[in-house]
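For the sequence shown, the residue numbers in this note's numbering are 29 to 133. Below is one structure, written out as C-alpha cells; the observations come after it.
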Amino acid sequence: MNICTLTGQVLKVVKVLSFDNKTLTQFNLVIYIINPKKCSCFYKIKTIARGRVAKVLMEMSAHNNFIILEGFIYINKKVRRVKNTKKRKVQKTIGMKLRKIHNLL
C-alpha cells in the first residue's frame, strides 16, 4: 500500500454500515486520472472510511461534490477463466483506505 493524495468527485451517495458500535462508510468515487486505454477516461476507486473520518465524510459528502482524499491506495487483481475457452480475463480493482478528507467547495 502506498500513501497518496487524490482529487475526486462523489459518484454515489454515502452508504452507512454499522456493526459492533463502529460506523463504517463505503462509497464510490470517480477519480480523474489519465487513462491510456481508449474505452474510458477515468478510473473508479472504491474507498472505505471508519470512525471519525466516516463521520466527517457523512457531513461533507453530497452527490457530485469534489473532495480531496488522503490515504493508502492498493490494487487487487483477479484472474477469471472464460467459459468453454482457454482464455482468461484479468479484472483489476483499485481501492483506497482513507485517512483524511478535505472539501474543495
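For each residue, glycine too, the CB sits at the ideal point set by N, CA and C. No experiment lies behind these values; they were computed from the predicted model shown.
Look at the alpha carbon of residue i and the alpha carbon of residue j, and state the distance between them as a whole number of angstroms.
i: leucine 45; j: threonine 75; result: 13 Å
i: cysteine 32; j: glutamate 98; result: 6 Å
i: leucine 132; j: threonine 113; result: 48 Å
i: valine 84; j: threonine 35; result: 17 Å
Apart from the five residues just before and just after residue i, which ones in its own chain have a Cβ nearer than 8 Å to its Cβ?
i: lysine 117; result: Val107, Arg108, Arg109, Val110
Per DSSP, what kind of secondary structure is residue i in: helix, strand or coil?
i: leucine 97; result: strand
i: valine 84; result: helix
i: serine 89; result: coil
i: leucine 126; result: strand
I need the boundaries of the beta strand (DSSP E) containing residue i, first residue and last residue.
i: leucine 39; result: Per DSSP, leucine 39 belongs to no beta strand (DSSP E) and is neither H nor E.
i: asparagine 112; result: Where asparagine 112 is concerned, there is no enclosing beta strand (DSSP E), given that its DSSP letter is neither H nor E.
Going by beta carbon distance, what residues of the same chain come within less than 6 Å of residue i, once the five residues before and after it are set aside?
i: asparagine 93; result: Val38
i: lysine 128; result: Glu98
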